[in-house]
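Note sheet for the following structure.
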Amino acid sequence: NAGVIQTPRHKVTGKGQEATLWCEPISGHSAVFWYRQTIVQGLEFLTYFRNQAPIDDSGMPKERFSAQMPNQSHSTLKIQSTQPQDSAVYLCASSKEGGEDTQYFGPGTRLLVL
Amino acid sequence: GDSVTQTEGPVTLSEGTSLTVNCSYETKQYPTLFWYVQYPGEGPQLLFKVPKANEKGSNRGFEATYNKEATSFHLQKASVQESDSAVYYCALNYNVLYFGSGTKLTVEP
Numbered sequence: 001n002a003g004v005i006q007t008p009r010h011k012v013t014g015k016g017q018e019a020t021l022w023c024e025p026i027s028g029h030s031a032v033f034w035y036r037q038t039i040v041q042g043l044e045f046l047t048y049f050r051n052q053a054p055i056d057d058s059g060m061p062k063e064r065f066s067a068q069m070p071n072q073s074h075s076t077l078k079i080q081s082t083q084p085q086d087s088a089v090y091l092c093a094s095s096k097e098g099g100e101d102t103q104y105f106g107p108g109t110r111l112l113v114l
Numbered sequence: 115g116d117s118v119t120q121t122e123g124p125v126t127l128s129e130g131t132s133l134t135v136n137c138s139y140e141t142k143q144y145p146t147l148f149w150y151v152q153y154p155g156e157g158p159q160l161l162f163k164v165p166k167a168n169e170k171g172s173n174r175g176f177e178a179t180y181n182k183e184a185t186s187f188h189l190q191k192a193s194v195q196e197s198d199s200a201v202y203y204c205a206l207n208y209n210v211l212y213f214g215s216g217t218k219l220t221v222e223p
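Quick note, the sequences are listed as chains R and Z, same order.
Mapping to our numbering: the first sequence position 84 is 84, numbers consecutive.
Offset between the second sequence (1-based) and our numbering: plus 114.
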């Protein structure tokens with residue numbers, strides 16, 4: 001079984017450019033989560049979809065960050081006007097039905113903003 | 115708000131010795147608890163889910179018991195191997211995961 005797929009695995013952008021990160025959840029999973037991992041802040045929740053509907057985006061920075069889930073097989077995280085402090089590993093996870101179900105993580109996208 | 119406190123790393127052990135990674139939390143509710151492990155260049159992998167109310171979860175020789183009274187679920191392994199070298203995270207699940215700070219374990223041969 002394929003796990004959660006994230007592309008690209010690495011992305012380098014210049015300050016002010018846009019970055020779009022892609023996630024394909026495990027087939028049959030209805031819940032998709034985005035997290036960010038940095039040395040300083042550790043693993044932080046960003047946003048959560050269930051059945052493609054946004055459920056909780058309380059962890060998303062108010063500006064420049066947005067996430068969508070246009071269909072059940074993929075979700076995107078977009079960062080506009082990237083800044084050096086956006087450099088991090090962005091992790092996508094999926095679970096069968098959300099709630100207390102186990103979340104399974106992808107390998108992450110390492111974003112470097114120069 | 116909810117918080118998770120985990121043993122600060124790094125931890126270096128010799129093969130065959132025992133491991134304990136402490137994890138405790140503050141919350142008004144009883145969350146679902148997990149231990150995850152992360153290897154370099156990979157996302158966190160589920161190590162195991164800790165059943166509720168003073169039960170024990172385990173996998174690959176690792177185990178943890180949910181102590182509801184002490185709001186803790188420490189990770190233990192009796193005899194670590196070099197292949198156990200990784201970063202270990204405890205996490206609470208309230209629909210989304212709240213992670214501890216992670217404990218980097220290095221096991222020397």
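Cβ atoms here follow ideal geometry from the backbone N, Cα and C, with glycine treated the same way.
Of the residues R/4, R/8 and R/15, the one whose Cα lies closest to the Cα of residue 81 of chain R is R/15.
By the Cβ criterion, the region 7-21 of chain R is in contact with the region 75-89 of chain R, since at least three pairs of Cβ atoms, one from each stretch, lie closer than 8 Å. Residue 182 of chain Z is outside the set of residues whose beta carbon lies under 8 Å from a beta carbon in chain R.
Neighbours of residue 107 of chain R in chain Z, taken as residues at a C-beta separation under 8 Å, are given in chain order as 155, 156 and 157. In the three-state reduction of the DSSP assignment, residue 54 of chain R falls in the strand class, which pools E and B. Around residue 160 of chain Z, the same chain offers 148 and 150 as residues with beta carbons nearer than 7 Å, after the five sequence neighbours per side are excluded. Beyond the five residues adjoining it in sequence on each side, residue 215 of chain Z comes within less than 6 Å, by CB distance, of 120 in the same chain, given in chain order. Contact annotation, residue 220 of chain Z with residue 197 of chain Z: C-beta distance approximately 12 Å; criterion of less than 8 Å not satisfied. Cβ-Cβ separation between residue 210 of chain Z and residue 45 of chain R: approximately 5 Å, consistent with a contact (criterion under 8 Å). When only Cα atoms are considered, residue 206 of chain Z and residue 43 of chain R end up about 12 Å apart.
Contact note: residue 98 of chain R reaches chain Z through 209, using a C-beta cutoff of 7 Å and chain order.
In the DSSP assignment, residue 207 of chain Z falls within the beta strand (DSSP E) that extends over 200-208. Along the region 128-212 of chain Z, the beta strand (DSSP E) occurs as fully enclosed runs of 3 or more residues at 133-135, 137-140, 146-152, 159-164, 170-173, 176-179, 189-191 and 200-208, listed in sequence order. Using a CB distance below 7 Å, the part of the region 48-70 of chain R facing chain Z consists of 48 and 56, ordered along the chain. Spatial neighbours of residue 96 of chain R in its own chain (CB-CB distance under 6 Å, excluding positions within 5 residues in sequence) are listed in chain order as 29. Rounded to whole angstroms, the gap between the alpha carbons of residue 26 of chain R and residue 129 of chain Z is 36 Å.
Closer than 8 Å to the CB of residue 103 of chain R there is at least one CB belonging to chain Z.
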